[in-house]
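Enquirer: In the numbering used here, the protein residues as written are 25 to 104. Quick reminder that beta carbons are idealized off the backbone N, C-alpha and C, glycines included.
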Amino acid sequence: DTGGLALANVDAAWDLGLRVFDAAAGGLGGCPYAPGAAGNLRSGALVAHLASKGISTGINRELLAGIETMLAEGKFFAEP
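This is the structure in structure tokens:
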């Protein structure tokens, strides 16, 4: 969420009727041409935000949090 406005954009899009959103596990990603950029909206942040508004996603939040923790610790990446 490079600009810090992803969730505000989700809210605006929701208000316009959109119901499908894209997010990245652990916020991974970004642009290889913009070193240091913050990356993408974390899936966990999106799911938690929607839940705070009473919107069910059907996603297991505990499992997602565990996956994001493993990603942050580098446990999904192969050793070189």
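Checking 8 Å against the spacing of the C-beta atoms, do L87 and T81 come in under that value?
Expert: Walking along the sequence shown from the start, residue 87 turns up at place 63. Walking along the sequence shown from the start, residue 81 turns up at place 57. Contact: no.
Enquirer: Would you report the Cα separation of C55 and G78, rounded to the nearest angstrom?
Expert: The residue you call residue 55 lines up with position 31 of the sequence shown. The residue you call residue 78 lines up with position 54 of the sequence shown. Cα to Cα, the separation comes out at about 33 Å.
Enquirer: With a cut-off of 8 Å on the beta carbons, I'd call R85 and A69 a contact; round off their distance for me.
Expert: The residue labelled residue 85 in the question sits at position 61 within the sequence shown. The residue labelled residue 69 in the question sits at position 45 within the sequence shown. Contact doesn't hold; Cβ gap of about 11 Å is too wide.
Enquirer: Using the three-state DSSP reduction, which class does A89 fall into: helix, strand or coil?
Expert: Residue 89 sits at position 65 when you count from the first residue of the sequence shown. Three-state result, A89: helix.
Enquirer: Please classify S67: is it buried, with 16 or more other beta-carbons within 10 angstroms of its beta-carbon, or exposed?
Expert: Translated into the one-based positions of the sequence shown, residue 67 becomes position 43. S67 should be labelled buried.
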